[in-house]
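The block underneath contains the structure these notes are about, expressed in structure tokens.
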Amino acid sequence: MKVDLLIHSASQLLTCAAPEGPLSGANQGAIGLIEDGAIAIDAGRITHVGPTTDVRPTVDARVEMDASGYAVLPGFVDAHTHAVFAGHRADEFEQRVAGATYQDIMAAGGGIMSTVRATRQAKLRELVMQSHKRLNAMLTHGTTTAEVKSGYGLTLETELKMLAAISALNTDHPVELIPTFLGAHAIPDEYRDRADDFIDEVVDEMLPRVAVADALLPPFADIEASGYQPVAVFVDVFCDVGAFNLEQSRRVLERAQELGLEIKIHTDEFESLGGAALAAELGAVSADHLAVTPREEIERMAEAGVVGVLLPGTTFGLGSDHYADARTMVEVGLPVALGTDLNPGPCWCVSMPFMITLATRYMKMTLAEAVVAATINAAYASGVGDEVGSLETGKAGDLVVLEWSDYRHLAYRFGENPVATVIKEGTIHEVLDGVA
Ligand SMILES: [Zn+2]
């Protein structure tokens, strides 16, 4: 069979195959390691995967890559990012280093609201340009698909502007983005002490627009003129102290479901308000953060088929030692996924390999469990488990070639980029160290 690309003789090829759904429990670490592995890609799709001795004789490749001495695995899927934003908060980082808490900074008008002010002011084009650089950095670190949230606009127009920016980046940049509407990310200044009124606006004004995004009003002509549709696949809400309570979160998520959108929840980052149980009750695709989730709610999520998205970079960035209890999650059978939570606050980090390092050292996940969490389980958490996240026939030809022959170097070495080559839908985007 004629194919576009054959990668052969990989010292280790990790398939992370999971055709039935996310991997959990004893299978959380089922990486599907093939020694001396090969993979063929044609028209952006995987046509063959297996030992080199099986695959190589059956294909006639236009381009061949000899990966001997290198480990090959699926492109990383970043299950939770806020990659689209304007400006930075380096001053707050310095305050946090000096001892201020996230809540202190938020109470003083900083935190998310500081990014909201910058993002509201930015033109759509500026937002796209600033975010484009971050996507380049993500790709270089091996991320080929990422979920991205709105939530730094908090008005109908500026939230739609963020979704239009995600749409523009999805068209122009090889990293595939899954858009999430997070209108209920923070209580805007103009609604201080009136969070219920803001939830009314999210539920009555914003959500119907996000669900039917091609009917923009004249004041949003600049978004229309861009030609990019503000669309969302998921709706998310921040259910925690300092953000929205359980009842407010329920209103947002139930309305989203009525409108036919899938749901996610930010919950249990600081205190448990019952958000994880709500995720189980409503059948959320994922529940994210889960740093303080009680075991009983972890069990309920496992039964309901929710994926737990853990964000160790944020815990690290906050200087906290309260990491999510990944061991209990694996024990009770909750599939665990990883995300960077890339954002201008506590975690401006694009690197999924660094998340794998943190997961192994601070959440006691095995390396294999963390690799599954960063690939196929993150894909299922992002609603694209059938398309990406594993090296299986018919899926997108998204993969990374590591700098080293043994995948364990992913966590073992940190602070340097382990990725030599990134391939997105069969196209080679980054080649270091002369692999090709
Ligand atoms: Zn987040």
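The C-terminal position of the sequence shown is numbered 436 in my numbering, with every residue numbered one higher than the one before it. Heads up, the beta-carbon is just placed ideally off N, CA and C, and yes, glycines get one too.
_Cβ-based neighbour list, Glu299, same chain, cut-off 6 Å, excluding 5 preceding and 5 following_ = By one-based count along the sequence shown, residue 299 stands at place 299. Only Val332 meet the Cβ criterion.
*Taking buried to mean at least 16 other C-beta atoms within 10 Å of its own C-beta, is Pro19 buried or exposed?*
The residue you call residue 19 lines up with position 19 of the sequence shown. Counting Cβ neighbours within 10 Å, Pro19 comes out exposed, since fewer than 16 surround it.
*According to the neighbour-count rule (16 or more other Cβ atoms, all chains shown, within 10 Å of its Cβ), is Gly434 buried or exposed?*
Taking the first residue of the sequence shown as position 1, residue 434 is located at position 434. Residue placement at Gly434 cannot be trusted, given a pLDDT of 40 that sits under 50; what the coordinates show is reported in the next sentence. Looking at its Cβ environment, which holds fewer than 16 other Cβ atoms inside 10 Å, Gly434 is exposed.
*asked:* Rounding to the nearest angstrom, what Cα-Cα distance links His48 and Glu392 in this structure?
replied: Locating residue 48 in the sequence shown gives position 48, counting from the first residue. Locating residue 392 in the sequence shown gives position 392, counting from the first residue. Using only the alpha carbons, I get a separation of about 8 Å.
_Pairs of beta-carbons, one from the segment 110-121 and one from the segment 168-183, closer than 8 Å: are there three or more?_
no
*So Glu159 packs on Ser150, CB below 8 Å; how close in whole Å?*
Residue numbering aside, residue 159 sits at position 159 when the sequence shown is read from its first letter. Residue numbering aside, residue 150 sits at position 150 when the sequence shown is read from its first letter. That pair is a contact at about 5 Å.
*Validate contact between the segment 160-169 and the segment 92-105 using beta carbons, cut 8 Å, 3 pairs*: When C-beta atoms of the segment 160-169 are compared with those of the segment 92-105, fewer than three pairs fall below 8 Å, so the two segments do not count as touching.
*Helix or strand or just coil, what does DSSP make of Glu297?*
By 1-based counting over the sequence shown, the position of residue 297 is 297. Three-state result, Glu297: helix.
*Leaving out the 5 sequence neighbours to the left and right, which residues in its chain are closer than 8 Å to Ala43 when beta-carbon positions are compared?*
Residue mapping note: residue 43 aligns to position 43 of the sequence shown, counting from 1. Excluding positions up to five away in sequence, the list reads Asp4, Gly426.
*Whose C-alpha, out of Ala324, Gly394, Val309, Ser131, is nearest the C-alpha of Trp348?*
Here residue 348 is taken as the residue at index 348 of the sequence shown, counted from 1. The shortest Cα separation from Trp348 among Ala324, Gly394, Val309, Ser131 belongs to Ser131.
*Say the cut is 7 Å; is the CB of His141 nearer than that to a heavy atom of ligand 2?*
Inclusion of ligand 2 in the displayed structure is not the case, the ligand content consisting of ligand 1 alone.
_Arg447 (DSSP reduced to helix, strand or coil)_ = Nothing can be reported for residue 447: it is not among the residues displayed for the chain, which extend from 1 to 436.
*Is Asp36 near ligand 1, with its Cβ less than 7 Å from a heavy atom?*
Stepping through the sequence shown from its first residue, residue 36 is reached at position 36. It does not: the Cβ of Asp36 is nowhere closer than 7 Å to a heavy atom of ligand 1.
*Could you name each continuous beta strand (DSSP E) segment of 3 residues or more that falls completely within the segment 242-270, going from the start of the chain to the end?*
262-267
_Bounding residues of the beta strand (DSSP E) (the contiguous stretch that carries Ala326)_ = To locate residue 326, count along the sequence shown from 1; it is residue 326. Run containing Ala326: none in the beta strand (DSSP E); it sits in the alpha helix (DSSP H), 326-332.
*Start-to-end residues for the beta strand (DSSP E) that takes in Pro179*: As a position in the sequence shown, residue 179 is number 179, starting the count at 1. That run of the beta strand (DSSP E) goes 176-184.
*Pairwise C-alpha distance: Asn27 and Ala71*: Working through the sequence shown from its first residue, we reach residue 71 at position 71. Working through the sequence shown from its first residue, we reach residue 27 at position 27. Taking the straight line joining both Cα atoms gives about 21 Å.
*asked:* Below 8 Å, how does it come out for the segment 298-316 and the segment 376-383: are there three or more Cβ pairs, yes or no?
replied: yes
*Exposed or buried, what is Val350 when buried is set at 16 or more other beta-carbons lying within 10 Å of its beta-carbon?*
Taking the first residue of the sequence shown as position 1, residue 350 is located at position 350. So Val350 counts as buried.
*If you draw a straight line from the C-alpha of Ile7 to the C-alpha of Ala38, how long is it?*
In the sequence shown, residue 7 corresponds to position 7, counting from 1. In the sequence shown, residue 38 corresponds to position 38, counting from 1. Here the alpha carbon of Ile7 sits roughly 5 Å from the alpha carbon of Ala38.
*Whole-Å CB distance - Gly275 paired with Thr267, under 8 Å assumed*: For the purposes of this step, residue 275 is taken as the residue at position 275 of the sequence shown. For the purposes of this step, residue 267 is taken as the residue at position 267 of the sequence shown. So it is a contact: roughly 3 Å between Cβ atoms.
*Could you tell me the distance, in whole angstroms, from the CA atom of Thr328 to the CA atom of Met1?*
The sequence position of residue 328 within the sequence shown is 328, counting from 1. The sequence position of residue 1 within the sequence shown is 1, counting from 1. Roughly 46 Å between the two C-alpha positions.
*Proximal residues to Met206 (C-beta, below 8 Å), its chain only, five neighbours per side dropped*: Position 206 of the sequence shown, counted from the start, is the residue given in the question as residue 206. Contacts found: Leu156, Glu159, Phe181, Gly183.
*From what residue to what residue does the alpha helix (DSSP H) around His132 run?*
Reading the sequence shown from its first residue, position 132 is the one you call residue 132. Start and end: 124-140.
*With 16 as the cutoff for other CB atoms within 10 Å, does Gln121 come out buried or exposed?*
Residue numbering aside, residue 121 sits at position 121 when the sequence shown is read from its first letter. Exposed, because fewer than 16 other Cβ atoms sit within 10 Å of the Cβ of Gln121.
*For Ser320, the residue or residues it bridges with in DSSP*: For the purposes of this step, residue 320 is identified with residue 320 of the sequence shown, where counting begins at 1. According to DSSP, Ser320 bridges with nothing at all.
*First through last residue of the alpha helix (DSSP H) which encompasses Val203*: Within the sequence shown, residue 203 is the residue found at index 203, counting from 1. It is not in any alpha helix (DSSP H) - Val203 carries neither H nor E in the DSSP assignment.
*Per-residue DSSP class, three states only, for Arg45*: If you number the sequence shown from 1, residue 45 lands on position 45. For Arg45, the three-state secondary structure derived from DSSP is strand.
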